[in-house]
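For the sequence shown, my numbering gives the first residue as 599, with consecutive numbering after it. Where is the CB? At the ideal position from N, CA and C, for every residue including glycine. Just so we're clear, the structure is a prediction, and the values are computed from it rather than from any experiment. Worksheet: the structure to be examined is printed underneath.
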Amino acid sequence: MRINAFSDVCLRIIMLLSAMPVFELEKTKVIAQKIDTPYNHVSKAIVRLRELGMIEAVRGRSGGVRISDAGRQATVGWVLRQLDTRTDLADCETPDGLCPLIDGCGLRGALRLAREAFYAALDDVVISSLRQPRSDEPVSVLLGVRPPD
Ligand code: SF4
599 MRINAFSDVC LRIIMLLSAM PVFELEKTKV IAQKIDTPYN HVSKAIVRLR
649 ELGMIEAVRG RSGGVRISDA GRQATVGWVL RQLDTRTDLA DCETPDGLCP
699 LIDGCGLRGA LRLAREAFYA ALDDVVISSL RQPRSDEPVS VLLGVRPPD
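What follows is the structure, encoded as structure tokens:
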């Protein structure tokens with residue numbers, strides 16, 4: 599299963615911010631450059647991440663954004679669930695209306711279960727365990743696993 603482009607941008611941003619010193623702020627423009635993503639996309643993602651309480655913003659000339667404690671402790675599975683607004687993985691509509699097979703279709707439910715299994719597999723991956731290699735390299739996903747409680 600693929601994550602959508604918006605979720606990917608959100609994850610890149612929080613990975614980048616989680617690798618920074620705790621109270622350090624980063625500007626949207628700099629984030630956009632560091633993750634090689636258009637400014638507008640980064641800006642929209644930051645709005646959504648703030649709504650989710652994952653990042654904090656400080657206004658002013660020396661302001662910027664940083665990851666919150668909640669953001670650091672959030673899991674990738676939780677983040678993806680919040681960002682996935684689709685009710686169904688399959689598009690069950692045709693140009694003439696709903697798919698004619700929709701009554702009694704078992705595939706929709708199976709796809710829902712498969713999506714949940716995908717997210718569940720990421721429920722142990724906390725944001726703070728995602729490491730960024732070097733600041734001069736593109737952000738890459740190195741998945742870590744939450745240590746046992
Ligand atoms: S077959 Fe089922 S899952 Fe596929 S489009 Fe039709 S209703 Fe949706």
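Taking 8 Å as the cut-off, one finds at least one heavy atom of the ligand SF4 near enough to the beta carbon of R706. Boundaries for V724: no beta strand (DSSP E) harbours it, and the DSSP string shows neither H nor E there. D721 and T673 do touch by the CB rule: their CB atoms are close to 5 Å apart, below 8 Å. The C-beta distance from L687 to L709 rounds to 4 Å, short enough to meet the 8 Å contact threshold. Residue side-chain check: I665 keeps its Cβ at 8 Å or more from all non-hydrogen atoms of the ligand SF4. Boundaries of the alpha helix (DSSP H) harbouring E649: 637-649, taken from the DSSP string. A residue is called buried when at least 16 other Cβ atoms come within 10 angstroms of its Cβ; S616 meets this threshold and is buried. Residue pairing of T626 in beta bridges, as defined by DSSP: absent, with no partner found. Look at L696 here: in three-state DSSP terms it is strand.
Of R664, L678, D694, the smallest CA-CA separation from M599 is found for L678. Under DSSP, T673 shares a beta bridge with V724. Between the ligand SF4 and I644, a heavy atom-to-CB distance of less than 8 Å is absent. For A688, the Cβ falls inside the 8 Å cut-off from some heavy atom of the ligand SF4.
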